[in-house]
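Report on one structure; see the data block that follows.
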Amino acid sequence: MKILTGCFYHETNTFNPNKTQIEDFVLYEGKEINQRLASTKIFEKNNVNIIPSIYATALSSGIVTYDTFRYFADKILYTLTQHQDIDGLWFHLHGSMVVENIASGDLQLLKEIREIIGNEIPISLTLDIHANIPKELSKYANIIYSYRTVPHIDQMDVEEKSAKLLVEAINDNEAVKPIIIELPIIIPGEKALASDEPLKTILEKLYSLEDSKDIASANFFICHAWNDTVNTRSSVVVSPKNKKSESIAFQKAKELEDYIFNKRKDFDFNAEVLNPQEAIQKAISLDEKPVFISDSGDNSTAGAEGNRIDLLKYVMNENLKGQKILVSAIYDKEAFNSLASLKPGEDVNLLIGPSSHEKIGFKGKIKAKGDLMGYLNATNDKVGETITVSGKNIDLIISNSGESFITLNHFKKANININEYDVIIVKQGYLFNELSELSKKSILALTTGQTYQMIENIDYQNILRPIYPVDNI
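Taking my numbering, the leading residue of the sequence shown gets 11, the next gets one more, and so forth.
Right, here's the structure in full:
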């Protein structure tokens, strides 16, 4: 058995004006990618001849340039042309990649693959639960399996599961097509955590369906809300185990659709939601520390630039009552470069903020320099650098790339001791798992920006209408 594998992962925020380029991706090629994919274990156990293509992953960001898409897609397609005797293909994609003039880069990749291998060879996909699934995807993929955790901690488990299903499909010679049903709902990820209702019960229903003899996989895709395309909406995807089970799979998919649509108004925030000033004041007033504040409108894990200074301004104008505040991290290449030649302990007086907004001054001393680590699938990869400036009770991390500090190791690699701080501001929406475990209180600051949480107020141009909550349906 011969299977081609790969990862081409990008979640696109179409409201971020900066295009995503080749250099924004972490790239590995050849056999080195086998060590980074959990599917490798399953394939080796089944004596599969693994044909690795590429492992390319990037932080959520703006629309992917066509040249960037071609650069990575062509590497995959070239590997495929050299091994057209394969029995199957396995890929880890995000499912919400938007390319210049192409609504779904993920779909486009599969179309080009099918042009080479035809329609009989099965393709298995691991996708992010925040994927925007085009209905047309069912023509090109056979197995679709989503993450089941928000925040995401089960990628390796899902990779293994989708690999097992692919091996079974090849052995059984069953290349079935998934049932895809789109729902007229847009849900921001911050309103759909796996531990909370109604997503908790929905996930239980998925597992229950997969215990039956007729269903290979059952999925609910929440959607990626800050992605203005015709595909932006929630969806249900159910794959039958064989062609005889297709009618049952369709019936179960319809039942899921009805259940989820009827629960659409029950999706709500997990954290306490406050306006920016109230968020700062509440965090300072609490006795138990640390308190984490999410700068939700500038959430770089969902594709915002990570360069806004709104919360920094509020912190600088607030009576901090002696508490120590960490702002992590503001992406500002100009400010970073102005500090690059300075050493720890040197005084600084810098201007910080995006060019499209009024910059503010920040005085202090260089506290630390460090490495900036990557996003999902690349948290151990260096993708940039950080400089921390300490000013009275506020420490400010400035980065030369728009990454978010999603693990404790992000702080460690920046040479920052997170335990020194009472309040920590991060460029996130929901807190990622390691930070959530450390936090005594999580507050979501309802800031504006490219990941604005008030979906009904976003100026969408391309989504299909009517859709909840933009429309009252």
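All C-beta atoms in this analysis are idealised placements derived from N, C-alpha and C, irrespective of residue type, glycine included.
Bear in mind that the values here come from a model prediction, so they are computed numbers and not experimental data.
The C-alpha of GLN92 lies about 14 Å from the C-alpha of GLU125. Counted as a single uninterrupted DSSP element, the stretch harbouring ILE139 is not any beta strand (DSSP E), since DSSP gives it neither H nor E. Of the residues assessed, SER172 falls on the buried side of the cut-off, its CB having 16 or more other CB atoms within 10 angstroms.
Looking at the DSSP output, HIS102 shares a beta bridge with CYS17, THR136. Per DSSP, LYS451 is one residue of the beta strand (DSSP E) stretching across 451-455. Annotation: the continuous beta strand (DSSP E) that includes LYS392 extends over 392-401. Bounds of the alpha helix (DSSP H) holding ASN181 are 165-182. Remark: three or more beta-carbon pairs, one from each stretch, lie closer than 8 Å, so the region 67-82 and the region 309-328 are flagged as touching. As computed with DSSP, SER71 is found in a beta bridge with THR22. Taking 4 residues as the shortest admissible run, the region 179-224 contains the following complete alpha helix (DSSP H) segments, listed from N- to C-terminal end: 209-220. The bridge partners DSSP lists for ILE112 are VAL109. Fewer than three pairs of CB atoms, one per stretch, sit closer than 8 Å, so the region 215-234 makes no contact with the region 293-305. Ranking ILE362, LYS379, LEU87, LEU330 by CA distance to the CA of PHE372 puts ILE362 first. Less than 7 Å divides the Cβ of LYS334 from the Cβ of ASP432.
With a cutoff of 7 Å on beta-carbon distance, VAL399 and GLY380 are scored as not near each other. Taking a C-beta distance under 7 Å as the contact criterion, PHE415 and VAL436 qualify as a contact pair. Note that the C-beta distance between ILE32 and SER63 is not below 7 Å. For the pair SER106 and ASN237, the CB atoms are nearer than the 7 Å cut-off.
In the structure shown, PHE230 falls within a strand segment according to DSSP collapsed to helix, strand and coil. When GLN287, ASN44, ASN309, ASN28 are compared, the shortest CA-CA separation from LEU441 is found for ASN309. Rounded to the nearest angstrom, the Cβ distance from TYR65 to GLY16 is 7 Å, consistent with a contact under 8 Å.
Distances from the CA of ASN285 to each of TYR462, ALA378, VAL240 were compared; the closest alpha carbon is that of TYR462. The DSSP-derived three-state label of VAL160 is coil.
Secondary structure in the region 322-395: the alpha helix (DSSP H) runs of 4 residues or longer, each lying completely within the stretch, are 343-349 in chain order. ASP405 sits in a strand when the DSSP states are folded into three classes. Comparing alpha-carbon positions, the option among ILE154, ILE404, TYR38, PRO476 lying closest to GLY332 turns out to be ILE404.
Cα atoms of LEU216 and MET11: separation of roughly 30 Å, rounded to the nearest angstrom. In the displayed model, ASP308 falls within a helix according to three-state DSSP. With a cutoff of 7 Å on beta-carbon distance, LEU203 and VAL160 are scored as near each other. When the beta-carbon positions are compared, ALA235 and ILE196 come within less than 7 Å of each other. The Cβ neighbour count for GLN438, taken over all protein chains shown within 10 Å, is at least 16; the residue is labelled buried. Ranked by how close their Cα comes to the Cα of GLU170, the residues LYS323, LEU47, VAL301, LEU321 have LEU47 in first place.
Pairing ALA141 with ILE189 gives a Cβ-Cβ distance that is not under 7 Å. The three-state reading of DSSP puts THR30 in strand, counting E and B together.
Residue pairing from DSSP leaves PRO286 without any beta-bridge partner. Assignment of ILE153 by DSSP, reduced to helix, strand and coil, places it in the strand class.
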